[in-house]
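Throughout, this note's numbering is defined as the position within the sequence shown, counted from one, plus 116.
The block underneath contains the structure these notes are about, expressed in structure tokens.
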Amino acid sequence: MSLDRVRGVNELLPEDRQGEVMELKSMLPTFESRKLYLESYGCAMNYSDSEIVASILAGVGFTTTNDPKQADVILLNTCAIRDNAESRIWARLHDFKAAKKTNPGLIVGVLGCMAERLKSELLEKQKIVDIVAGPDAYRDLPNLIERVEGGQKAVNVLLSREETYADISPVRLDSNGVSAFISIMRGCDNMCSFCVVPFTRGRERSRDPHSIVEEVKMMSDQGYKEVTLLGQNVDSYKWGTDTSPKIHFAELLEKVAAVDKNIRVRFSTSHPKDMSDDVIYVMAAHENICNYIHLPIQSGSSVVLERMNRGYTREWYMQRVESIRKIIPGCGISSDIITGFCGETEEDHQETLSLMKWARYDFSYMFKYSERPGTFAERKYKDDVAEEIKGRRLQEVIQQQAISSHESNKADLNTIQKVLVEGISKRSENHVSGRSDHNKVVVFPRGNFVKGDLVDVLITGCTPATLLGEATINS
Ligand code: SAH
Ligand code: SF4
Ligand code: F3S
């Protein structure tokens, strides 16, 4: 194993602890020249975890491939948030059945939230699965693979109260070299009644701020221009012991923003019950923290919010939005919305629509409620809104969002937006595409601009989903 690789896994730790990793690594099996194919589903945290998995397996000799046919090991990093997320995985596993017939040595593993939820049931239901590993078990992957090579099936779904993979320097997968995700915490303690995440990702824990800042420095050295700090509820980030003072999210954000003023900082997800004015003031004080907050409401009805166990009311939520708009006028705000949750009446649904109208979200992710086994809602409430009503309400919510998005885009006409170029536009070779401070996609003529450029763009047109413009200076 080359020293370089060991260093890659090592360098986020303080110097006095680096030897520990060295010792641990010398005990692992090696898989020189073996190829790994990794496919990810679900939220940004899962994609970020896949980069940790790639790093752990690179550390024992694997190289990654984009072609499953070339792979010795195929790993699917899965999501369990809604029933249809799991259906996609079952279908994908079916695809790999044929691949296993032509290559009997092929190892297939299921990682992530669906692995954690279904555990060894996955091995029984889908005979081609060899490995099941939950989100806190990725350090064990080399051993699990070795066990499968020895002719056994391998399962590790232990959840941890400490694991944050703080010392692991992720291998950036599918990276545009411009923006990167950085996990700052894992798990969730909120227990929203509809949600499977606390069961699949375990208890909330925060990552050592030193390792976060070091990772941002590393991204800066490698030429990255944007980092997104990730957690299920970033506002409850906390770090500290009796001897070292507590750091909350606002302080962490400040530390990260100070690393490199040329790196843009984003974060997700904010929780309305915990998002403090401190965070908004830090955003306002630092030019390189993007003026954009993802603040999911889920429902506009306080009665439904209570049943969802979200910990806030409609009025509390509105007061949070008012605070954001007072401290940062024009701040971009987006949301998540669920239609047809247990007991949702037509009036509740109308309250969601009126809240959306009031909030004027720039963007929303919108879903039909999907009952998840083991959640409080599944055990205590009836999934009693008919499928077609859930669907009709979802369409109404989507329509309302389309109106707000279009209004919000029209309001940007004739303004100048700072756009970080992410690459050539998918629709036209002659245009580049990037994101504004408010996280809106902006497309403009390519000129000599390249990814990573931060460009002042005059907005000259828009669609409901995209802003169109022209650079104010020539490249
Ligand atoms: N931690 C984030 C959400 C992560 S899950 C938060 O609290 O805001 C992403 C989104 O999936 C949720 O915001 C919710 O809108 C949706 N979701 C979660 N469970 C769901 C379910 N059972 N049915 C439908 N949508 C769900
Ligand atoms: Fe799920 Fe609620 Fe935690 Fe978000 S805050 S991950 S919705 S339990
Ligand atoms: Fe899905 Fe797990 Fe994320 S359930 S949304 S991959 S935390």
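The beta carbon of each residue, even a glycine, is placed where N, CA and C say it ideally should be.
Since we're looking at a predicted model, the values are computed, not measured.
Give the DSSP-derived three-state secondary structure of residue i in the structure shown.
i: serine 450; result: strand
i: arginine 261; result: First, the amino acid is wrong: residue 261 is isoleucine here, not arginine. Helix.
i: tyrosine 254; result: helix
i: threonine 491; result: coil
i: methionine 117; result: Low confidence applies to methionine 117: its pLDDT is 34, below 50, so where it sits in the model is not reliable enough to give any reading.
i: leucine 369; result: helix
i: leucine 227; result: strand
i: phenylalanine 147; result: coil
i: alanine 587; result: strand
i: serine 236; result: coil
i: isoleucine 519; result: helix
i: lysine 498; result: coil
i: tyrosine 157; result: coil
i: valine 271; result: strand
i: alanine 374; result: helix
i: valine 248; result: strand
i: leucine 152; result: strand
i: threonine 576; result: strand
i: threonine 280; result: coil
i: alanine 215; result: helix
i: lysine 506; result: helix
Residue i and residue j look like a contact to me (Cβ under 8 angstroms); what is the Cβ gap, rounded to whole Å?
i: asparagine 425; j: methionine 307; result: 6 angstroms
i: alanine 160; j: leucine 345; result: With a Cβ gap of about 10 angstroms, alanine 160 and leucine 345 do not count as contacting.
i: serine 392; j: tyrosine 353; result: At roughly 11 angstroms, the Cβ-Cβ gap does not stay under 8 angstroms, so serine 392 and tyrosine 353 are not in contact.
i: leucine 289; j: leucine 154; result: 7 angstroms
i: aspartate 177; j: phenylalanine 147; result: A quick correction: the sequence has glycine, not aspartate, at residue 177. Right, their Cβ atoms sit about 4 angstroms apart.
i: valine 287; j: glutamate 367; result: Rounded, the Cβ-Cβ distance is 29 angstroms, inconsistent with contact.
i: phenylalanine 99; j: serine 171; result: Residue 99 lies beyond the range of the chain shown here (117 to 591); nothing can be said about it.
i: leucine 369; j: valine 329; result: Not a contact, Cβ separation roughly 11 angstroms.
i: glycine 416; j: lysine 389; result: Contact flag wrong, Cβ pair sits at about 16 angstroms.
Residue i CB to nearest chain D CB: under 8 angstroms?
i: alanine 201; result: Within the model displayed, chain D is absent; a lone protein chain is all it includes.
Assign residue i to buried or exposed, taking buried as 16 or more other Cβ atoms, counted over all protein chains shown, within 10 Å of its Cβ.
i: threonine 576; result: exposed
i: alanine 587; result: buried
i: alanine 249; result: buried
i: lysine 556; result: buried
i: valine 566; result: exposed
i: asparagine 126; result: Residue confidence for asparagine 126 is low, a pLDDT of 47 falling below 50, so the modelled location carries little weight; the figure read from the coordinates is stated next. By the neighbour-count rule (16 or more Cβ atoms within 10 Å), asparagine 126 is buried.
i: alanine 214; result: exposed
i: isoleucine 589; result: exposed
i: alanine 270; result: buried
i: lysine 377; result: exposed
i: aspartate 553; result: buried
i: methionine 117; result: At methionine 117 the pLDDT is 34, less than 50, meaning the model places this residue with poor confidence; the figure from the coordinates comes in the next sentence. That one is exposed.
i: glutamate 237; result: exposed
i: threonine 280; result: buried
i: aspartate 183; result: exposed
i: methionine 251; result: Here residue 251 turns out to be proline, not methionine, going by the sequence shown. Per the 10 Å Cβ criterion, buried.
i: leucine 583; result: buried
i: arginine 277; result: exposed
i: lysine 506; result: buried
i: threonine 468; result: buried
i: tryptophan 355; result: buried
i: glutamate 504; result: exposed
i: threonine 316; result: buried
i: serine 360; result: exposed
i: leucine 274; result: exposed
i: threonine 481; result: Residue identity differs from the one stated: residue 481 is tyrosine in this sequence, not threonine. Tyrosine 481 comes out exposed.
i: glutamine 516; result: buried
i: isoleucine 519; result: exposed
What do you reckon, is the C-beta of residue i under 7 angstroms from a heavy atom of the ligand ZN?
i: asparagine 162; result: Although the ligand ZN was asked about, the structure shown includes only the ligand SAH, the ligand SF4 and the ligand F3S as ligands.
Item to check | Length-filtered (3 minimum) beta strand (DSSP E) runs lying within the stretch 522-572 | outcome: 532-540, 547-552 and 557-561
Checklist entry - Which whole runs of the beta strand (DSSP E) in the stretch 159-212 are 3 residues long or more, in chain order? => result 189-194
Next on the checklist: What ranges does the alpha helix (DSSP H) occupy inside the stretch 382-446, keeping only unbroken runs of at least 4 residues that lie completely in it?
Outcome noted: 393-401, 418-424 and 430-443
Checklist entry - Can you find at least 3 beta carbon pairs, one from the stretch 193-209 and one from the stretch 223-237, that sit closer than 8 angstroms? => result yes
Item to check | Touching by the beta-carbon criterion (3+ pairs, under 8 angstroms), the stretch 429-437 and the stretch 291-304 | outcome: no
Checklist entry - Just checking, does the stretch 464-481 make contact with the stretch 438-454 on the three C-beta pairs under 8 angstroms criterion? => result yes
Next on the checklist: Closer than 8 angstroms is the cut-off here; do at least three beta carbon pairs connect the stretch 530-545 with the stretch 483-497?
Outcome noted: no
Item to check | Inter-stretch contact (C-beta, 8 angstroms, three-pair minimum) for the stretch 508-519 and the stretch 321-338 | outcome: no
Item to check | Contained alpha helix (DSSP H) runs [length at least 4] in the stretch 300-358, N- to C-terminal order | outcome: 313-317 and 325-337
Checklist entry - Just checking, does the stretch 515-523 make contact with the stretch 531-538 on the three C-beta pairs under 8 angstroms criterion? => result no
Checklist entry - Do the stretch 298-315 and the stretch 256-267 meet, that is, are 3 or more Cβ pairs less than 8 angstroms apart? => result no
Checklist entry - Should the stretch 361-381 be regarded as contacting the stretch 402-412, the criterion being three or more beta carbon pairs within less than 8 angstroms? => result yes
Checklist entry - Is the stretch 350-369 touching the stretch 381-388, taking contact as three or more C-beta pairs under 8 angstroms? => result yes
Item to check | Runs of alpha helix (DSSP H) lying entirely within the stretch 456-480, each at least 4 residues, in chain order | outcome: 462-475
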